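Inspection log for the structure reproduced underneath, given as structure tokens.
This is the structure in structure tokens:
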């Protein structure tokens with residue numbers, strides 16, 4: 074008899090490296106969820122190729138018109154009947170409906186509340202961390218609310234960047250932490266353990 078795993082939707086806007094990590098963790102049997110839908114805010118996001126290669130259903134939801142963008146995203150998510158929504162390089166602000174309160178997670182490449190907010194994503198974050206002279210960075214998994222990088226923190230993972238001289242070096246170090254932190258946070262949010 075096959076096991077039934079919690080269904081999740083993954084929201085992407087770009088290359089899909091976090092999505093690929095989740096796909097790999099599921100395939101290796103370390104993450105007991107089923108990706109029911111991948112939603113992209115961009116038709117040219119390479120993450121859609123990764124999703125297709127994994128045989129996952131995809132949907133593109135264009136951010137314009139902006140006034141009903143969140144409604145359209147969550148309309149698709151509801152149709153997929155998911156337990157949890159995972160932002161994975163999703164760069165668009167969402168208004169979280171009441172039925173998804175504490176059911177939407179995001180991973181951010183810094184130790185929030187530092188280096189978060191509008192415009193702080195990807196390389197911008199790592200450049201700001203270096204410019205501030207930090208010797209430690211990391212990642213934060215948090216519940217999403219209606220503001221950028223502002224929801225309750227679920228977990229954080231620190232990394233030393235004392236020997237990092239470039240934003241790319243910081244990004245690589247932080248992504249290694251993200252690869253572990255996001256699956257851990259998903260299990261924590263769902264109240265499950267490694268299968």
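Numbering (our numbering), first residue to last: 74 to 268. A virtual CB, placed ideally from N, CA and C, is assigned to each residue, including glycine. All values derive from a computational prediction rather than experimental measurement.
1. Evaluate residue 213 with the Cβ neighbour count: other Cβ atoms within 10 Å of its Cβ, from every protein chain shown; 16 or more gives buried, anything less gives exposed.
2. I think residue 173 touches residue 158, with their Cβ atoms under 8 angstroms apart; what is that distance to the nearest whole Å?
3. Could you give the residue range of the beta strand (DSSP E) that holds residue 230?
4. Does the distance from the C-beta atom of residue 111 to that of residue 129 stay below 9 angstroms?
5. Just list the residues that DSSP pairs residue 178 with in beta bridges.
6. Can you tell me the Cβ-Cβ gap for residue 274 and residue 80, rounded? I've got them flagged as a contact below 8 angstroms.
7. If the criterion is Cβ atoms closer than 9 angstroms, does the pair residue 281 and residue 162 meet it?
8. From residue 133 to residue 148, what does the alpha carbon distance come to, in whole angstroms?
9. Which partner residues of residue 210 appear in the DSSP bridge assignment?
10. So, with DSSP's three-state summary, where would you put residue 91?
11. For residue 215, count neighbouring C-beta atoms within 10 Å of its own C-beta (all shown protein chains included) and say buried if the count is 16 or more, exposed if not.
12. Counting pairs of beta carbons, one from the stretch 192 to 199 and one from the stretch 241 to 256, are three or more of them closer than 8 angstroms?
In terms of the structure at hand:
1. Residue 213 should be labelled buried.
2. Indeed they touch by this definition, with Cβ atoms about 6 angstroms apart.
3. If you look at residue 230, you'll find it in the beta strand (DSSP E) that goes 226 to 233.
4. Contact: yes.
5. Per DSSP, the beta bridge partners of residue 178 are 159, 216.
6. What is shown of the chain runs 74 to 268, which leaves residue 274 out entirely.
7. The requested residue 281 does not occur in the structure, where the chain is confined to residues 74 to 268.
8. Within the model, the alpha-carbon separation for residue 133 versus residue 148 is close to 12 angstroms.
9. 232, per the DSSP bridge assignment.
10. In the structure shown, residue 91 sits in a helix (DSSP, three-state: H, G or I).
11. Buried.
12. With a cut-off of 8 angstroms, the stretch 241 to 256 and the stretch 192 to 199 count as touching, because enough Cβ pairs lie within range.
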